[in-house]
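Peer 1:
Residue numbers (the working numbering), protein chains in the order written: chain F, 63 to 564; chain Z, 21 to 364.
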């Protein structure tokens, strides 16, 4: 038997006349990890969807252990030993762990008898959970488990199907640092058992750390492939964007230094959420907020914007007290809030780009008691703003937000707030799930705002991003502030350990 | 790939698929079907386009259109109002009891019709607000809330009528100045039509040209995103229920003037028509989508079907069954559209 588990050659695929894959070739050895990187829309997901049986190829050859295969459905792919762990997990939160693992192959009480053998179900589920080092009862409903553990259940599910190849698509986006570590450990274990892994991620450091081989896709073509040792993060970025971005972060115009306090928070507490949070955000400053998921950073943002309550403390905007639970008032005082959930809370996916952009500004742009609007004026304002943030779309008045790529959707969310010319902008994970090029543009927009005197609260899970963009970084953990770091003393390890410290 | 997915252009979809999409997404599909239907029936029952019959359809359409516009408001915020017809029943018997010359509270008073109309409108508004508050503040599904208010006010209307009449079935003898709404008019155009057109224009402008209208759509499309964008989501939803109640009351005014009596069974059988007309007219059950023109077309279609089948001599039960089928079909088309859109 050859050492090669998967060989893909000459893969082509078009959608609606647009060729999204051109002659893609990949090789994956048994018991190794192949890191797959590329900007959004570079063809990673399409390739993986073909392997996983979600899409069919136009032409090309896929060989699994020397045999040509052509999975027609994800069930087919699973039968061949290819498991695809999607970005959005496909578990049923209302069912138990064991039911989820064995949903499509429940152990029966005997051939032809349609009753589930509960005991065998439990035994096999426990064994599968051991394989992924997860210590929960098989009868726990999945909704009670955190994201990271749910992912492990997906892996356990794949293992019970004797998967030979497991594909991970952006598995760490919703994981905490500790959960990520655990995932990496499991991937290492899979590898040792001879299972092959394809690992897709935007976080290049992770790819460098995990992979044996790396392949880079750009515009549907493989533009670089080889052993991990042949790559560096810088080279990966260059290959991905097709041009050299010597700096991942744009240079900021030298400003006169931060001004007075735009937002001051004193002793903010809400049981179980945040505890005694005090800080000051100054005009012309980017204050980075670092911390793991569940550290209270997003919850803090929601409280500041008036969406969630707090029991103690106060929030002052430009010296004046901001009453709680009044998002409209917060907006009137110059606050803007980009949430971490772009689809769920940022955009009306079915509405046009223009309708999305003007939504927070309607009241200010209306006349009279009945709130009379001028549709032409609104559309012009939206068009103007969409151009300023460089939303790439054909028609902002008819194209639905849904039709845009992730990066462009995020620009629409930014545009809708910029139209209000906010003085304090809370950004919660503004670059999550968007490609390198769009990230760079988001950073440039932030810098322009700061240069204009705005204050930015920049929440991010990517420490590099905060180091590159922030003037100061506030580290949070368990709802408390763990410390402040000035730009001069930014250091990845220090920041990380501050966040992890119990 | 560029910013816009090629799916939206549909450029390379297969021809039949493109046709299916074109037909499904067309705003005037239902209008075309209405015309086709009437044309087809014309051969079997030529009297369908007789002036008398058209006038019948026209008068039938008016109150249904008004009530369906109200229902559209709650559908736009992805809620439902099953109580619309009970609001009609309750408000009309109270209104009639105020102005009837047979022992009405203000019998014979010159302003009695005005007071009665105000009472009808106030009752509609109040029940609507009650629906909205129960749905939003207590977080009970609007399906259940309005089902309960429907039952309660249907019963209350019957009890109220029995308490105010000897016969117990309806309150008649309404003043002629009130009945003029149903029969009078300016230059041959009935007042009822003028009121309906006026309301339609107001709703259309409200939806397209005011902050509230945009807010309504935003809440229907994504309530979380709307809330974060400063939309007072709860007030908007309560407002939509209030408008639904208000428009049911307006419809009650027109119906009562036509029937010359307030009766607790007013509108009892048209609940399905009201909801059906809105859905056939392209108002999405998933929220955020719908227009006055669409609702008008839906009402016309449903009324044409109803009228045509009756002219063909079908029994009431067959007419019911066929109408139900048509409405189900419209709901299925709405669901397919929704999923096609979600898929891109």
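All C-beta atoms in this analysis are idealised placements derived from N, C-alpha and C, irrespective of residue type, glycine included.
Taking DSSP as the reference, what is the three-state secondary structure of residue 341 (chain F)?
Peer 2: Within the first chain, residue 341 (chain F) is the residue found at index 279, counting from 1. Reduced to three states, the DSSP call for residue 341 (chain F) is strand.
Peer 1: Below 8 Å on the Cβ atoms is my guess for residue 358 (chain F) versus residue 101 (chain F); work out the distance and round it to an integer in Å.
Peer 2: One-based indexing of the first chain puts residue 358 (chain F) at position 296. One-based indexing of the first chain puts residue 101 (chain F) at position 39. The Cβ separation is near 32 Å, so there is no contact.
Peer 1: Kindly indicate which residue of Z:38, Z:57, Z:64, Z:39 has the alpha-carbon position closest to the one of residue 333 (chain Z).
Peer 2: Taking the second chain and counting its residues from 1, one reaches residue 333 (chain Z) at position 313. Of the listed residues, the one whose Cα sits closest to residue 333 (chain Z) is Z:64.
Peer 1: For residue 154 (chain F), count the other beta carbons within 10 Å of its own beta carbon; 16 or more makes it buried, fewer makes it exposed. Which is it?
Peer 2: Taking the first residue of the first chain as 1, we reach residue 154 (chain F) at position 92. That one is exposed.
Peer 1: Tell whether a beta-carbon distance below 7 Å holds between residue 418 (chain F) and residue 337 (chain F).
Peer 2: Along the first chain, read from residue 1 onward, the residue named residue 418 (chain F) stands at position 356. Along the first chain, read from residue 1 onward, the residue named residue 337 (chain F) stands at position 275. It is not a contact, given that the beta carbons lie outside the stated cut-off.
Peer 1: Which of helix, strand or coil does DSSP assign to residue 123 (chain F)?
Peer 2: In the first chain, the residue the question calls residue 123 (chain F) occupies position 61. Reduced to three states, the DSSP call for residue 123 (chain F) is strand.
Peer 1: Quick check: what's the CA-CA separation for residue 209 (chain F) versus residue 215 (chain F)?
Peer 2: Position 147 of the first chain, counted from the start, is the residue given in the question as residue 209 (chain F). Position 153 of the first chain, counted from the start, is the residue given in the question as residue 215 (chain F). If you take the alpha carbons of residue 209 (chain F) and residue 215 (chain F), they lie about 10 Å apart.
Peer 1: For residue 173 (chain Z), which option in Z:216, Z:111, Z:191 has the closest C-alpha, if you only look at C-alpha atoms?
Peer 2: Position 153 of the second chain, counting from 1, holds the residue named residue 173 (chain Z). Looking at the Cα atoms, Z:111 is the closest of the given residues.
Peer 1: If contact is defined by three or more beta carbon pairs under 8 Å, each pair taking one atom from either stretch, is the region 544-561 of chain F in contact with the region 360-372 of chain F?
Peer 2: With the cut-off at 8 Å, the region 360-372 of chain F and the region 544-561 of chain F do not touch.
Peer 1: Taking residue 62 (chain F) as part of the beta strand (DSSP E), name the residues at either end of that continuous run.
Peer 2: Nothing about residue 62 (chain F) can be reported from this structure: the residues present for chain F run from 63 to 564 only.
Peer 1: Give the straight-line distance between the Cα atoms of residue 107 (chain Z) and residue 403 (chain F), rounded to the nearest whole angstrom.
Peer 2: Taking the second chain and counting its residues from 1, one reaches residue 107 (chain Z) at position 87. Taking the first chain and counting its residues from 1, one reaches residue 403 (chain F) at position 341. Roughly 40 Å separates the two Cα atoms.
Peer 1: Given a cut-off of 7 Å, decide if residue 87 (chain Z) and residue 1 (chain Z) are closer than it, judged by their beta-carbon atoms.
Peer 2: Not covered by the structure: residue 1 (chain Z). The range shown for chain Z is 21 to 364.
Peer 1: Are the Cβ atoms of residue 317 (chain Z) and residue 51 (chain Z) separated by less than 7 Å?
Peer 2: The count along the second chain starts at 1 and reaches residue 317 (chain Z) at position 297. The count along the second chain starts at 1 and reaches residue 51 (chain Z) at position 31. Closer than 7 Å, so yes.
Peer 1: Does any residue of chain Z have a CB that is nearer than 7 Å to the CB of residue 425 (chain F)?
Peer 2: Within the first chain, the letter at position 363 stands for residue 425 (chain F). Yes, contact with chain Z.
Peer 1: Does DSSP put residue 153 (chain F) in a helix, a strand or coil?
Peer 2: Along the first chain, one-based indexing puts residue 153 (chain F) at 91. Note: residue 153 (chain F) maps to coil in three-state DSSP.
Peer 1: With respect to the beta strand (DSSP E) encompassing residue 593 (chain F), which residues constitute its N-terminal and C-terminal limits?
Peer 2: Nothing can be reported for residue 593 (chain F): it is not among the residues displayed for chain F, which extend from 63 to 564.
Peer 1: Could you check where the alpha helix (DSSP H) with residue 142 (chain F) kicks off and where it finishes?
Peer 2: If you number the first chain from 1, residue 142 (chain F) lands on position 80. Here the alpha helix (DSSP H) through residue 142 (chain F) covers 136-142.
Peer 1: For residue 97 (chain F), collect the residues of the same chain with a Cβ closer than 6 Å to its Cβ; drop the 5 residues on either side in sequence, then sort them by chain order.
Peer 2: Position 35 of the first chain, counted from the start, is the residue given in the question as residue 97 (chain F). 261, 269, 273, 276, listed in sequence order.
Peer 1: Taking only the alpha-carbon atoms, compute the straight-line gap between residue 231 (chain Z) and residue 260 (chain Z) and give it to the nearest angstrom.
Peer 2: Against the second chain, residue 231 (chain Z) aligns to sequence position 211. Against the second chain, residue 260 (chain Z) aligns to sequence position 240. So the alpha carbons of these two residues sit roughly 14 Å apart.
Peer 1: Would you mind giving the Cβ-Cβ distance between residue 218 (chain F) and residue 190 (chain F), rounded to the nearest angstrom? I have them listed as a contact below 8 Å.
Peer 2: Position 156 of the first chain, counted from the first residue, corresponds to residue 218 (chain F). Position 128 of the first chain, counted from the first residue, corresponds to residue 190 (chain F). Rounded, the Cβ-Cβ distance is 4 Å, consistent with contact.
Peer 1: Any beta carbon from chain Z within less than 7 Å of residue 393 (chain F)'s own beta carbon?
Peer 2: In the first chain, the residue the question calls residue 393 (chain F) occupies position 331. So, interface residue.
Peer 1: Touch check for the region 138-145 of chain Z and the region 68-88 of chain Z: three-plus C-beta pairs under 8 Å?
Peer 2: No, because fewer than three Cβ pairs between the region 138-145 of chain Z and the region 68-88 of chain Z fall closer than 8 Å, the two stretches do not touch.
Peer 1: Bridge partners of residue 230 (chain Z), per DSSP?
Peer 2: Numbered from 1 along the second chain, position 210 holds the residue referred to as residue 230 (chain Z). Answer is F:434.
Peer 1: Is there a C-beta anywhere in chain Z that falls below 7 Å from the one on residue 413 (chain F)?
Peer 2: Along the first chain, read from residue 1 onward, the residue named residue 413 (chain F) stands at position 351. Closer than 7 Å to some Cβ of chain Z, the Cβ of residue 413 (chain F) qualifies, so yes.
Peer 1: What separation, rounded to the nearest whole angstrom, lies between the Cα atoms of residue 20 (chain Z) and residue 310 (chain Z)?
Peer 2: Lying outside 21 to 364, the shown extent of chain Z, residue 20 (chain Z) is not represented and no answer is given.
Peer 1: My output table needs one value for residue 245 (chain F): the three-state DSSP class, helix, strand or coil.
Peer 2: Within the first chain, the letter at position 183 stands for residue 245 (chain F). Of the three classes helix, strand and coil, the one that applies to residue 245 (chain F) here is helix, per DSSP.
Peer 1: In chain order, what residues of the same chain lie with their CB nearer than 7 Å to the CB of residue 49 (chain Z), ignoring the 5 residues before and after it?
Peer 2: Taking the second chain and counting its residues from 1, the one referred to as residue 49 (chain Z) is at position 29. Cβ within range, chain order: 43.
Peer 1: Please confirm whether residue 362 (chain F) has its beta-carbon closer than 7 Å to some beta-carbon of chain Z.
Peer 2: By one-based count along the first chain, residue 362 (chain F) stands at place 300. Closer than 7 Å: no.
Peer 1: Got a sec: does the ligand ATP put a non-hydrogen atom nearer than 6 Å to the Cβ of residue 199 (chain F)?
Peer 2: The ligand ATP is not among the ligands present in this structure, which contains no ligands whatsoever.
Peer 1: Using a Cβ-Cβ cut-off of 8 Å (strictly less than) and excluding sequence neighbours within five positions of residue 307 (chain F), which residues of its own chain qualify?
Peer 2: On the first chain, residue 307 (chain F) is found 245 positions in, with the first residue counted as 1. Confidence is the limiting factor: at residue 307 (chain F) the pLDDT is only 48, short of 50, which leaves the residue's position unreliable, though a coordinate-based value still follows. Answer for residue 307 (chain F): 299, 300, 498, 502, listed in chain order.
Peer 1: Answer yes or no: does any C-beta atom of chain Z fall closer than 7 Å to that of residue 555 (chain F)?
Peer 2: Here residue 555 (chain F) refers to the residue found at position 493 when the first chain is read from its first residue. No, its Cβ sits nowhere closer than 7 Å to a Cβ of chain Z.
Peer 1: Check this for me: beta carbons of residue 199 (chain Z) and residue 277 (chain Z), under 7 Å apart or not?
Peer 2: Taking the first residue of the second chain as 1, we reach residue 199 (chain Z) at position 179. Taking the first residue of the second chain as 1, we reach residue 277 (chain Z) at position 257. Yes, they are a contact pair.
Peer 1: DSSP beta-bridge partners for residue 261 (chain F)?
Peer 2: The count along the first chain starts at 1 and reaches residue 261 (chain F) at position 199. Residue 261 (chain F) is bridged to F:97, F:230.
Peer 1: Which runs of the alpha helix (DSSP H), 4 residues or longer, sit entirely within the region 459-527 of chain F?
Peer 2: List check, alpha helix (DSSP H) in window: 468-480, 498-513.
Peer 1: For residue 435 (chain F), decide whether its Cβ has a neighbour in chain Z, counting only Cβ atoms nearer than 7 Å.
Peer 2: Your numbering for residue 435 (chain F) matches position 373 in the first chain. Yes, residue 435 (chain F) lies at the interface with chain Z (some Cβ there is under 7 Å from its Cβ).
Peer 1: Going along chain F in order, which residues have a C-beta closer than 7 Å to the C-beta of residue 245 (chain Z)?
Peer 2: Locating residue 245 (chain Z) in the second chain gives position 225, where the first residue counts as 1. 407, 408, 409, 410, listed in chain order.
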